[in-house]
Every structure is written in structure tokens, then in C-alpha cells.
Amino acid sequence: MCSVRLIFRRIFTHPSHYTHTHSSVRFLQHFAIAIVAISSKMYTKKAANTVIFAFSLSYILACSCALSSEKIGINYGRLGNNLPSPYQTITLLNSMEAGHVKLYDANPEVLKLLSGTDLHVSIMVTNEQISGIAANQSKADLWVQENVVAYYPSTKIRFVLVGNEVFSYNDLKMWHDLVPAMRNIKRSLSIRDIHNVKVSTAIAMETLESSFPPSSGKFRSDIPGEVILPLLKFLNGTKSFLFLDVYTYFPWSLDPTNMNLDFALLKDGNETYQDPESCLIYKNLLDQMLDSVIFAMGKYGFDNILLAISETGWPHAGDIDQPGANAYNAATYNRNLVMKMTSNPPLGTPARPGIEILTFIFSLYDENQKPGPGTERHWGLLSNNGKPTYEVDLTGTRPETSYAILPKPSNNHPYKGKLWCVADSRASLTDLGPALDFACGQGNGTCNELAPGKGCYQPVSISAHASYAFSSYWAKFRNAGAVCYFDGLAVQTTTDPSHGSCQFPSVLL
1404 MCSVRLIFRR IFTHPSHYTH THSSVRFLQH FAIAIVAISS KMYTKKAANT
1454 VIFAFSLSYI LACSCALSSE KIGINYGRLG NNLPSPYQTI TLLNSMEAGH
1504 VKLYDANPEV LKLLSGTDLH VSIMVTNEQI SGIAANQSKA DLWVQENVVA
1554 YYPSTKIRFV LVGNEVFSYN DLKMWHDLVP AMRNIKRSLS IRDIHNVKVS
1604 TAIAMETLES SFPPSSGKFR SDIPGEVILP LLKFLNGTKS FLFLDVYTYF
1654 PWSLDPTNMN LDFALLKDGN ETYQDPESCL IYKNLLDQML DSVIFAMGKY
1704 GFDNILLAIS ETGWPHAGDI DQPGANAYNA ATYNRNLVMK MTSNPPLGTP
1754 ARPGIEILTF IFSLYDENQK PGPGTERHWG LLSNNGKPTY EVDLTGTRPE
1804 TSYAILPKPS NNHPYKGKLW CVADSRASLT DLGPALDFAC GQGNGTCNEL
1854 APGKGCYQPV SISAHASYAF SSYWAKFRNA GAVCYFDGLA VQTTTDPSHG
1904 SCQFPSVLL
């Protein structure tokens, strides 16, 4: 059956061959050959699905021209206290030749500054606003009036994203309110004759229960069908896109010993994977992940919904226990990403060859106030002074050989040994006090050794006690998701901070 499906792939791998009128006959001839091939082999459910897939792909090829710009987009997050001003930011985005910018809200200062620029803008209804807008059309009308009409069309707003990674939060009400909120926003736009602003939402890969092999892709079983189905119906009916936050770094970093790094970095090489069900051949991990969502939508009967990548990237730094987070890999990934997504004609994915995919890199800046592990604060193309953390040409025209050579990474393999979590030497005592109280307040004997007369009571200082408490807390709760962060007051170390009779708990990797 793989050989039959390969016939269809030959038809659609080069869609430009069929774009002119005289080529329509050739398309129909080739399509007929595929149909005959199926009938002469064996007619199975798989074969029927292949025919449906082929028709769907032809429909998508016809619709993919709806993308407003083939240029790369950038996520402009502002969770930092040391970032350039919005005015400086717009100047930087223009100098980088970005085509799109995506906001995580509808900040009025930023939207006003974007007026008159060529940047295509995506704005967001925050998760906290979803339920109110879902329940009240007037609230949706007000939101659209204040955040779209007030700036449009001088500010080139192209997408309104309702919520961010909604299904990553255990909030059933918000899940059920998502599509009603999207409908109300769309209705408000339509009433005002604004028809070229698409409404969508951004989901994370964890929305899927299965993503490998790609053909097994399906949405999580805990997300009710009465939530997923209306979402897909809305996107299909409005010819909008499903926005996807997709990071190859995360699956690779979970199994760096067995997963090929070049495959995750989108580097051309000898590594390929053939899906046993679809027979599609994959040359990189990003295509696998994207196609798993395409197959998941197909299981609900929606083969025509286009994907957009709302977030992707690679961290240029991280914690000691986060392998592969370095500037060399980040530059490699994002350069390869840009080359792939700006290719003309578009490359698409194995399941949808030739389809343009609107893509936003995460992120513009390192955001020093993002919580979580170290990588969370090191995705930026730019540092907080506006200088590049590494070079990347967003137009996709610069040859790889023209870039300055970056130092080879030293952390592509997982760290093996003990790690401790201690107070950062730059942390203020005023801030350390509450963090110490938090760590010790979690129970499980976290701070027993800090009691008077115990082994770690001396020296009696907030900094010393905080270091022990941080390390003990992290050692006890790391497997439950705890990180060595404490609002930026803690750092990992490979140097044992134990002293005298005081033995600091450690994490063994």
C-alpha cells in the first residue's frame, strides 16, 4: 500500500507543476493513475483515506495563498524588567526584516507604535478574559472596539488569538468557554466589516495524547470531544489556522542519548524516519510534530485546516541539567528553520508538501522574569541591550558560510553527577528571607537540619540557611516538578557546598 500512497505524494510534492490551466489536464491524468493504482491493488479503508487525503491536500494548496506574508514572525514577550522600550523594539523588528510580530496581549502603546509599519500583527485575548467574553457579546464588542478598531487598519492586525495554551491548564470551564469566546470575537469583527482578521487560538504539543509516529497523532482523551470538535469546526468554517507552539528541543532534551540531535536541529543528514502507517518519510523532528497534529485533526474529519507555528525556537542557555541549551544549537535551529519556512516554493511537511506555514520564532528577547528552569529565560534572539545573542538572517537569503563561527557546544550530552541548588551570591537578603520561609514551609523535613543544635544551624545567616533550604527543597521535590529558581535567587552548582558536619542534600543525575 505504501507504493500506492507514494504516487499521490509525487502528484502533490510539486504543486507548482499544476498551477497553470494547461497543467490541469496533467493533474487529472496523474490523479486518475493513482485511483487506478488503488483499484488494481486492493481497495481498503487506508486506500480510501488516501484518496480523501489527496483531495484535501489539493484544497489546501488552493487556500494556502491566503497567507499575508512569507516572512518570518517573532514573538514579542515583555516578561522582563530590563528590556528595550516598545519604540526601540519596533525599530529593532524592522531592522531585522521580520514580517510578523505576535503579542501576548493587546498592549495599546505597542499597537499604536506599530501603526504605519509593514509588520503584520497578531494580538491576544488573555486566558483570564476568555470566560467573560464567552458569556457576554457586549464584552466581546468592547474588546474588539478597544483593541482592534482603535488601531486598524493603520496597524496591520491580521490575527486575534483567543487564549494561549488553554488546554495546558486544568480549567474545564475555560476549555468550554474557548470557542464561544472565539465566536463572539469573530461576530464583533464581522459586524464592523473587518473580514481579513482571522480568529484562532494557540495550543501546545501537550494537547496531543499521542504524537509518534505522526500518523498516530490524536488529541488527549481528557479534552472532551465537545470542546475539540467545535474548535475544529470554527477554524474550518472561518478558514482560519490552528496555531501551534512546537519545540523540538523538549522531546530531544528528554532523551538526548537516543534521539539524533541533528534531526531535532533540522540539519540535513542521513537520519530519516518512515512512518509505518502513512509511509511518509521524515527528515526532521519538526515535520514529525507538525504532521502529528494534522493527523489528529484528520481523526475528527478535518483534513483542510491550515497550521501556523505560533512559537518555536531553541534556548541558547539553561541550567546544568538542561543539555543542548547553547548558542551554537540555537543559531543552527533558527537558521535552518528560517531557510525551511521561507523556501520558495514552500516546502511544507511530508503530509502537506508545498504548503506555506506561517511561523513565529520564540522569542525576540531574553525575558528575565519568566519563572521555571533556566531555559525559560534564554530563548531570545536579542539580549536586553538589543544586541543579537547570535546572528540569524530572517529573510533566509544569507548563506550559512557567511556567519561567524560559533564556539562548539560543550553541553550536548547530559550532565552526570551531583548537583546542588544554592543562593545566588548577588541575591539580596531582603528577597532571600521570604524564599527561605517558602522552602522550609513545604514540610517533609526540608529544613530540619537548620534548627538550633543541628548540623547546618551554623553559620547563622539568611544566605547560608537559604542555600541549604534551596538545595534540600530541590532534592526532595525535583521529581514532582520543582526547579532551582526561587524567583531568580537560586543557581545550580556542581561544587559541593557542604561544610563540617553540614551535608547538603543533592540531586544525582
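Read left to right, the sequence shown gives residues 1404 to 1912 (my numbering).
Note that beta-carbon positions come from the ideal geometry of N, C-alpha and C, so glycine has one too.
Predicted model, so just to flag it, every value in this text is computed and none were measured.
Environment of residue i [buried if 16+ CB atoms lie within 10 Å]
i: residue 1893; result: buried
i: residue 1764; result: buried
i: residue 1586; result: buried
i: residue 1899; result: exposed
i: residue 1863; result: exposed
i: residue 1852; result: buried
i: residue 1829; result: exposed
i: residue 1804; result: exposed
i: residue 1616; result: buried
i: residue 1790; result: exposed
i: residue 1750; result: buried
i: residue 1904; result: exposed
i: residue 1726; result: buried
i: residue 1832; result: exposed
i: residue 1491; result: exposed
i: residue 1837; result: exposed
i: residue 1526; result: buried
i: residue 1871; result: buried
i: residue 1628; result: exposed
i: residue 1624; result: exposed
i: residue 1661; result: exposed
i: residue 1895; result: buried
i: residue 1640; result: exposed
i: residue 1599; result: exposed
i: residue 1589; result: buried
i: residue 1808; result: exposed
i: residue 1576; result: exposed
i: residue 1550; result: buried
i: residue 1719; result: buried
i: residue 1455; result: Interpretation of residue 1455 is limited by its pLDDT of 46, a score under 50 that renders its predicted location unreliable; the figure taken from the coordinates is listed afterwards. It counts as exposed.
i: residue 1797; result: buried
i: residue 1511; result: exposed
i: residue 1756; result: buried
i: residue 1541; result: exposed
i: residue 1699; result: buried
i: residue 1800; result: exposed
Top-ranked residue by Cα proximity to residue i, from the options
i: residue 1503; options: 1761, 1827 and 1903; result: 1761
i: residue 1594; options: 1630, 1611, 1557 and 1543; result: 1543
i: residue 1884; options: 1506, 1781 and 1774; result: 1774
i: residue 1524; options: 1576, 1676 and 1497; result: 1497
i: residue 1681; options: 1691, 1674, 1842 and 1673; result: 1691
i: residue 1393; options: 1514, 1607 and 1574; result: Residue 1393 is absent from the model: the chain starts at 1404 and stops at 1912.
i: residue 1802; options: 1826, 1843 and 1739; result: 1739
i: residue 1771; options: 1481, 1477, 1476 and 1474; result: 1481
i: residue 1572; options: 1658, 1712 and 1531; result: 1531
i: residue 1722; options: 1861, 1814, 1878 and 1757; result: 1814
i: residue 1669; options: 1707, 1612, 1744 and 1806; result: 1744
i: residue 1766; options: 1757, 1887, 1873 and 1778; result: 1778
i: residue 1538; options: 1737, 1579, 1547 and 1574; result: 1579
i: residue 1596; options: 1552, 1622 and 1620; result: 1552
i: residue 1516; options: 1574, 1664, 1561 and 1494; result: 1494
CB-CB length for residue i against residue j, believed under 8 angstroms
i: residue 1912; j: residue 1820; result: 6 angstroms
i: residue 1716; j: residue 1650; result: 7 angstroms
i: residue 1643; j: residue 1601; result: 4 angstroms
i: residue 1479; j: residue 1518; result: Residue 1479 to residue 1518, Cβ: 15 angstroms. No contact.
i: residue 1913; j: residue 1787; result: No answer is possible for residue 1913: it lies beyond the span of the chain, which begins at 1404 and ends at 1912.
i: residue 1647; j: residue 1638; result: Not quite, the Cβ-Cβ distance comes to about 12 angstroms (not below 8 angstroms), so this is no contact.
i: residue 1795; j: residue 1741; result: 6 angstroms
i: residue 1693; j: residue 1666; result: In fact, because the Cβ distance is near 14 angstroms, the residues do not count as touching under 8 angstroms.
i: residue 1793; j: residue 1730; result: 5 angstroms
Beta-bridge pairing of residue i - partner residues as DSSP gives them
i: residue 1648; result: 1607 and 1714
i: residue 1485; result: Looking at the DSSP assignment, residue 1485 forms no beta bridge with any residue, so it has no partner.
i: residue 1676; result: 1685
i: residue 1911; result: 1821
i: residue 1783; result: None, per the DSSP bridge assignment.
i: residue 1896; result: 1823
i: residue 1812; result: None; residue 1812 has no bridge partner.
i: residue 1376; result: Only positions 1404 to 1912 of the chain appear in the structure, and residue 1376 is not among them; the question remains open.
i: residue 1622; result: 1611
i: residue 1478; result: 1505
i: residue 1601; result: 1562
i: residue 1905; result: 1902
i: residue 1768; result: 1785
i: residue 1791; result: 1785
Sequence ranges, alpha helix (DSSP H) only - wholly within the region 1511-1584, length at least 4 | Whole alpha helix (DSSP H) segments, 4+ residues: 1511-1516, 1530-1538 and 1540-1547.
Would you list, in sequence order, the uninterrupted beta strand (DSSP E) runs of no fewer than 3 residues that lie entirely inside the region 1694-1763?
-> Entirely contained in the region 1694-1763, the beta strand (DSSP E) runs reaching 3 residues are, in chain order, 1709-1715.
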